[in-house]
Amino acid sequence: MPKKKVSKDDKKPKSGATEKDKRGKSKKNAIEDELVHEIEDLDIDESDKADTEEINDENEVESNSLENEITEDAGEASKTDLSKDKPKLSHKDKKKMKKQIEYQRQVEELKKGSGTSELGEQFTVSQAEKSSTKMQQRETAVDIKVENFSIAARGKDLFVNANLNITAGRRYGLVGPNGMGKTTLLNHIACRALNIPGNIDVLLCEQEVVADDTLAVDAVIKADTKRLKLLEEMNRLETAQETGNSQITEQLKQVYEELRAIGADSAESRARRILAGLGFNKEMQDRPTKNFSGGWRMRVSLARALFMEPSLLLLDEPTNHLDLNAVIWLDNYLQCWKKTLLVVSHDQSFLDNVCTDIIHLDQQKLFYYRGNYSMFKKMFLQKRKEQLKDYEKQEKKLKELKSQGKSTKTAEKTQKDALTRKQAKNKTKVTDSDANGPTELLKKPREYIVKFKFPSPSPLNPPILGAHNLTFSYPGQPPLFKKLDFGIDMKSRVAIVGPNGVGKSTFLKLLTADLHPQEGEVRKNHRLRVGRFDQHSGEQLNLEESPIEYLRRLFNLDYQEARKQLGTFGLVSHAHTIKNRDLSGGQKARVALCELSLRGPDVVILDEPTNNLDIESIDALADAINGFEGGVIIVSHDERLIRETSCQLWVIEHQDIDEIDGVFDDYRKELLESLGEVINNPSIAATKATQQ
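Here the numbering used here is used: position 533 in the sequence shown is 1537, and no number is missing along the way.
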């Protein structure tokens, strides 16, 4: 099937008078048809279409004035007398015509390239061309089906002949190792660089809201531009109704119905509910956005996205900006999401609770699995075993053919023919992206193995680390802690929980002596070695050294031993010798974890350790913690890491820290009840899937 190449340059409008004249003539010839027929072959967000809902203040009542406006929009083609011998238009017809004119105006802007400008010049895209009939059908489709698309970044292939299939109303988790193109795919969907149906409005939550005087709750409510425009129209019509015009009364009735349909009266309560779930108390909800940090403004952006309820919501690692309490609320909230969701996340419990389907990015293609992440994991492992078995059969057959005197080329052709026949026979069973691709010899399945390990420490007599009668506050701020007591031994597994702002990270810094209390003290065994890792540890590396140079300098390792240690922590070999400043966030995190291990700590303190790690690395970290013979203290929003390591929960509240009497599900239930939420699945699906 022929393919079209799309790049940023292709999206730009052509220069020159000739091209401009052509566009003008095309618009002249088409303007009247556009008023009465459906617009064909258009790509436009629903949010853009929503902007066309506004009714013109001056030209709404008389059809003549509307037709005059149509004439103005049509340019020279409007010289024809549209009002001559034509019946008077109804309010509904005029509104439809008005929308179509504005719709076309928005489309013309998109055709000039604004839809994909933010992708940058480094990306190239190709996808199968569709017939005009299929293009028309696509514009009204509710599902997304993009066949045989390829995406490359700076010459590196990220997707090759992949298929994107998104069914309306399903909740998809997009998974795969870091750096393989998950975020790139979300960006291409959001910018419509891929063929997304025009009637599907797409929203990618990726940027924090602007820091200005807008209150947080108002920033959320104002995201619904359709509601705001309807309210403006209602106010205008209510004022105009004083003239007693019956037509205005009918228009006002329609506006009331539309406002009722979108639940306009409950907008503020919905916005406040979402903000509360994401950690904003009443005072914070009424605070200007300029008074929040970037992380909190990112939460406002997420609240806006949830409030708008687009047809397709794209979330890229949404839990990275949230504390555990907010993650619990979000996962509970999204379980009832009625629209379509595509989320990239490394949080396995979140994927288990929220997702109805998993899309696996593997070997530059997309593979689809029904069920949550735990179900996918079981199916994928089985599939990988079958792939390895088929590969070994193929290699054995090739060896037999060559031993019979066949050339390598002939032997491979024989095997390809056999694969083609097998694929044709099983075509109805194929659900991955290889269905339409050329037949190739099977490749050996690549295993992505990450294994972390912390060395066994020497035994120490308890208590090894603790806080006694501790009081602390930042200058000019009320105390975070008052007369706090806490202690651990070598067998402790502690997860510290509580909302943002209560002092979880501050408490860890007090334990490591990075901060000092105003009253009380932190006591530790004089032989105790404490290792600390947080989401910023990767930035504290010497950025001018390579990972090998860095480890050799710190620990006097020989070259091969340094490479072995880095390989154990999942750092790919080509990254061993490049500067630390050029590594990705996940790669820097691996180097920092490797350093932590080589320091041989007795106690490991982890502050949001999963933010730069993929799912496989988080599993490896959990295994390393479970195999570690020293003490562990964790602050994490990753529910599964806490569950897998059998951590005892300690909650910081009321300027103190207390052990929670109960298990994680008890904490989850208590939190959601305190927010007035209906409690949905508390990891039940994940538990069942694991037990199957």
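In this text, a Cβ means the ideal position worked out from N, Cα and C, and glycines have one as well.
Assigned exposure category for residue i - 16 Cβ within 10 Å defines buried
i, result
"CYS1697", "The structure shown does not extend to residue 1697, since the chain is modelled only from 1005 through 1696, so no value can be given for it."
"GLU1677", "exposed"
"ASP1228", "buried"
"GLY1680", "exposed"
"TYR1671", "buried"
"ARG1277", "buried"
"PRO1463", "exposed"
"ALA1223", "buried"
"GLU1261", "exposed"
"ASN1357", "buried"
"ASP1586", "exposed"
"LEU1575", "buried"
"GLY1635", "buried"
"SER1577", "exposed"
"ASN1167", "buried"
For residue i, the three-state DSSP class (helix, strand or coil)
i, result
"ASN1357", "helix"
"TYR1373", "strand"
"ARG1536", "strand"
"GLY1666", "coil"
"GLY1571", "helix"
"GLU1525", "strand"
"THR1581", "coil"
"PRO1292", "strand"
"PHE1456", "coil"
"LYS1286", "helix"
"LYS1149", "strand"
"LYS1447", "coil"
Bridge partner(s) assigned by DSSP for residue i
i, result
"GLY1491", "GLY1470"
"ASP1660", "GLU1657"
"ILE1362", "GLY1177, TYR1373"
"ILE1204", "Partner(s): none; ILE1204 has no beta bridge."
"GLY1635", "VAL1607"
"GLN1652", "VAL1498"
"LEU1512", "Per DSSP, none; premise fails for LEU1512."
"CYS1209", "LEU1319"
"VAL1348", "LEU1178, ASP1320"
"THR1475", "GLU1523"
"PHE1485", "PHE1476"
Range of the contiguous beta strand (DSSP E) that encloses residue i
i, result
"PHE1163", "1160 to 1170"
"ASP1611", "1607 to 1611"
"ALA1517", "Counting along the chain, ALA1517 falls outside any beta strand (DSSP E), and DSSP gives it neither H nor E."
For residue j and residue i, the rounded distance between their alpha carbons
i, j, result
"ILE1500", "ILE1664", "10 Å"
"ALA1309", "ASN1376", "23 Å"
"LYS1673", "ILE1683", "7 Å"
"LYS1410", "LYS1382", "40 Å"
"GLU1404", "LYS1397", "11 Å"
"ALA1566", "ARG1556", "7 Å"
"ASP1518", "VAL1526", "11 Å"
"ASP1216", "ARG1536", "36 Å"
"HIS1364", "LEU1190", "14 Å"
"THR1424", "LYS1343", "39 Å"
"LEU1469", "GLY1173", "51 Å"
"LEU1446", "GLY1502", "50 Å"
"PHE1153", "THR1649", "41 Å"
"LYS1513", "ILE1637", "12 Å"
"GLY1604", "LEU1532", "11 Å"
"ILE1609", "VAL1331", "21 Å"
"PHE1380", "VAL1454", "19 Å"
"GLU1549", "PRO1461", "29 Å"
"GLN1368", "ASP1662", "48 Å"
"GLN1251", "LEU1232", "22 Å"
"LYS1426", "GLN1419", "11 Å"
Any non-hydrogen atom of the ligand NAP within 7 Å of residue i CB
i, result
"GLU1143", "Among the components modelled here there is no ligand, and therefore nothing to report on the ligand NAP."
Where the alpha helix (DSSP H) containing residue i begins and where it ends
i, result
"ALA1628", "1619 to 1631"
"ASP1222", "1220 to 1225"
"THR1229", "1229 to 1244"
"THR1188", "1186 to 1194"
"ASP1216", "Looking at the DSSP string, ASP1216 is not in any alpha helix (DSSP H), and its letter there is neither H nor E."
"GLU1553", "1551 to 1559"
"ARG1303", "1298 to 1312"
"VAL1331", "1328 to 1338"
"GLN1591", "1589 to 1602"
"ARG1276", "1271 to 1281"
Test: residue i CB closer than 8 Å to a CB of chain B
i, result
"ASP1562", "The chain inventory of the structure shown lacks chain B, comprising one protein chain alone."
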